[in-house]
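Here's the structure we're looking at; comments come further down.
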Amino acid sequence: MPTTRSRLLRASAATAVLLTSAALLSACSTAGASADGAAPVSDAPIGAVDLSGVCPANIVIQTDWNPEAEQGDLYQLIGPNPVIDSGKKAVSGPLYASGAYTGVNVEVRSGGPAIGFQTVTSQQYADPTITLGYANTDEAVQLSADQPVTAVFAPFEVGPQIIMWDPATYPNVKTIADLGKTDAVVRYFGGATYMDYLTGSGILKTANVDGSYDGTPANFVAAGGKDAQQGFATVEPYVYQNEVPAWGKPVAFQLINDAGYPIYASALSVRTGDLEKMSPCLTKLVPILQQATVDYYTDPAATDDLIVKAVSEFNNGWVYSAGVAAYSAKAQVDLGLVANGPDSTVGNFDLDRVQKIIDIATPLFAAQGKTVATDLAPATIATNEFIDPSIGF
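In the numbering used here, the protein residues as written are -12 to 380.
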């Protein structure tokens, strides 16, 4: 199964290294317990939104990578005196909504190396204490038969994944389709479904794509601008110009979304079988997520400080500077990655767009011998039931 959010891996600004796969997170204590097994404790009075009684006492959110600004809305939820657990690669604390305590705890867990690079969905099914987890739309299609999940909140309106290239080498290339008309080799993490779409639709030539990308800048730099590479609009453009001295100049890119593959990236999802019993909680929790998204991108500085501190204390080889965090938060807004949908609401799903991904991805998975749920419908893998339409940017 594809790694959901493989990232640029760096040991320092000058040297690239591969992260070592970490052991899987050990099973948490029973649902409703905090990170150390005790009920969450806060001296603050419960505010206008009371999640106690309808939600788990410890709401666990599983992400797909180390802490980063793309997860800012989640870290925005954590109230005063957060606990950074470098062993579990998790950050927890009282869950706050618009500055007030909600009566429960929230724990944001890292993915990627912290869960052995497996999919978040697989981790959700292995650990029933996880309340919500990230799932791209195409991944939800892929796993719909055996590990179905339903997305309840879309943190991204547009997915941040890109193909990038050197604008000096390819001055006439403005899109991925333009790049496909050149002889550039395009490196990516093998197994990515979007690449099957790009090659299957003729946007890129199969002979020119290389699934050996390892997350380091070494090959891109060594090619001197001849090769192209996958990346994220929220990371690589800043890092390659400012934190990879061997490159030290701009890169050009196009969003994969804009090449015709409009997944909802990192959609917060529940196990489909838990949707009904989780409904009372989600009715109150999802609007909090919506408002936290608006609040974070309005003023991300304090939350970014927590993210950078968590990365430092985790100390697992992932490097994330304050400069990257600030760039990422701004780029997400400037590029429209985080925004209202076609209406005035943040976090909701366009089910016609979900259907488009079902239509694109289902035959791609069939060609790989993977079974998708029979008669899969958009409402099975995404719902706007819990969205408050009045909350938006």
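Every residue gets a Cβ at the ideal spot worked out from N, C-alpha and C, and that includes glycine. What you are looking at is a predicted structure, and each value in this text was computed from that prediction instead of being measured.
- For the beta strand (DSSP E) assignment, the uninterrupted runs of no fewer than 3 residues enclosed by the segment 86 to 114 are, from N- to C-terminal side, 87 to 96.
- G80 is bridged by DSSP to V93.
- Note on S256: 16 or more other CB atoms within 10 angstroms of its CB, so buried under the neighbour-count rule.
- When V298, T361, G310 and D375 are compared, the shortest CA-CA separation from S97 is found for V298.
- Three or more pairs of CB atoms, one per stretch, sit closer than 8 Å, so the segment 138 to 149 contacts the segment 316 to 335.
- Collapsing the DSSP output to three states places S188 in coil.
- 8 Å or more divides the Cβ of Y181 from the Cβ of G198.
- Nearest in C-alpha terms to Q58, of all of D282, K357 and A348, is D282.
- The distance from the Cβ of E223 to that of V208 is about 12 Å, inconsistent with a contact at the 8 Å cut-off.
- Using a Cβ-Cβ distance cut-off of 8 Å, the segment 80 to 100 and the segment 26 to 44 are in contact, since at least three pairs of beta carbons, one from each stretch, lie closer than that value.
- The beta carbons of V311 and Q319 sit about 12 Å from each other, so the pair does not count as a contact at 8 Å.
- Spanning the alpha carbons of G260 and P135 requires a straight line of approximately 8 Å.
- Per DSSP, the unbroken beta strand (DSSP E) holding Y121 starts and ends at L119 to A122.
- One Cα belongs to L64, the other to V93, and the distance between them is close to 7 Å.
- Your pair V91 and I46 checks out as a contact, with CB atoms roughly 6 Å apart and the cut at 8 Å.
- A residue is called buried once 16 or more other Cβ atoms fall within 10 Å of its Cβ, and P67, having fewer, is exposed.
- The way I'd put it, the segment 153 to 161 doesn't touch the segment 286 to 304; fewer than three beta-carbon pairs between them come closer than 8 Å.
- Between the segment 121 to 135 and the segment 364 to 373 there are three or more C-beta pairs closer than 8 Å, enough to call the two in contact.
- Counting C-beta pairs closer than 8 Å gives fewer than three between the segment 148 to 158 and the segment 271 to 282, which falls short of the contact rule.
- For P147 and G177, the gap between their C-alpha atoms comes out near 18 Å.
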